[in-house]
Structures are given as structure tokens and as C-alpha cells.
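I have placed the structure first, in the form of C-alpha cells, so that the comments after it can refer back to it.
Numbering (UniProt numbering), first residue to last: 1 to 132.
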């Protein structure tokens, strides 16, 4: 029976020495707790850096899109102003053309009335001659 006791204390000693060997090995292995924390910090730092860079580039892209849209609206505003001025000019020209056309019609009507007046005088003279 003494054998089982010896084996259990021997097992305990071998477990203790194995644990200390693992602990000392962890200090040498790159994946230990301290290095894991350092790696996690580095990864978080890299992720934060890349995230900041991404947000900066997205912001730059959005600024460029907004600038392009603003420039488009400025161009449309300029085009609208030019179009409005041209329509004003065309409207003034159309009104002038109407006035010119009305003046021509008045001149024509004046000539026609003058001719009718002469013709009516001519008829009146003929009627006087015939009545005598």
C-alpha cells in the first residue's frame, strides 16, 4: 500500500514540475499574455488608424461630391440667368416687331383711306356731272 502513496506524491511532484515548465515556456513563446495584450493593442491601434484613414477619405469624397453638386447648381443658375436675359431681349424684339407691324398696317390703312377718299371725290364729281 505504500506504493500507491508514493505514486500519488510522485504524480503531484511531476504535475508541479510540468506546470512550472509550462509557465517558464510561456515566457519564451510569442503567444503569452503580455505579448497577446501588446498584439491586441497593436491590432486595435492599426484598426483605429485604418478607421480614421477611411473616415478621412470618405469625408474627402463627400466633400468632392458636394463641391461637384454645388458647381452644377452654380452652372444651372448661370444658365438660367443667361436664358432669362435672352428671353427679355427676345420679348423686347417681339414687342418691337409687333409695333413695327402695327405701324405698317396703320400706314397701309392710311393709304387705303386716302385712295378711297380720292375715289369717293371722283364719284361725287361724276355724279354732279351726270346730274347737271
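Every residue gets a Cβ at the ideal spot worked out from N, C-alpha and C, and that includes glycine.
Note that the structure is predicted; figures quoted are calculated from it, not measured.
For residue j and residue i, the rounded distance between their alpha carbons
i, j, result
"residue 105", "residue 98", "10 Å"
"residue 127", "residue 87", "58 Å"
"residue 62", "residue 92", "45 Å"
"residue 76", "residue 94", "26 Å"
"residue 124", "residue 90", "50 Å"
"residue 46", "residue 34", "18 Å"
"residue 38", "residue 51", "19 Å"
"residue 64", "residue 49", "22 Å"
"residue 112", "residue 84", "41 Å"
"residue 144", "residue 44", "Examination of residue 144 is not possible in this model, given that the chain is present from 1 through 132 alone."
"residue 107", "residue 132", "38 Å"
"residue 121", "residue 130", "14 Å"
"residue 79", "residue 54", "37 Å"
"residue 82", "residue 101", "28 Å"
"residue 118", "residue 103", "22 Å"
"residue 42", "residue 71", "43 Å"
"residue 60", "residue 73", "20 Å"
Assigned exposure category for residue i - 16 Cβ within 10 Å defines buried
i, result
"residue 24", "Annotation note: pLDDT 45 at residue 24 (below 50); position unreliable, coordinate value reported separately. Classification of residue 24: exposed, given that the 10 Å Cβ count is below 16."
| task | Taking only runs that begin and end inside the segment 56 to 113, name each unbroken alpha helix (DSSP H) of 4 or more residues, in chain order. | result | none
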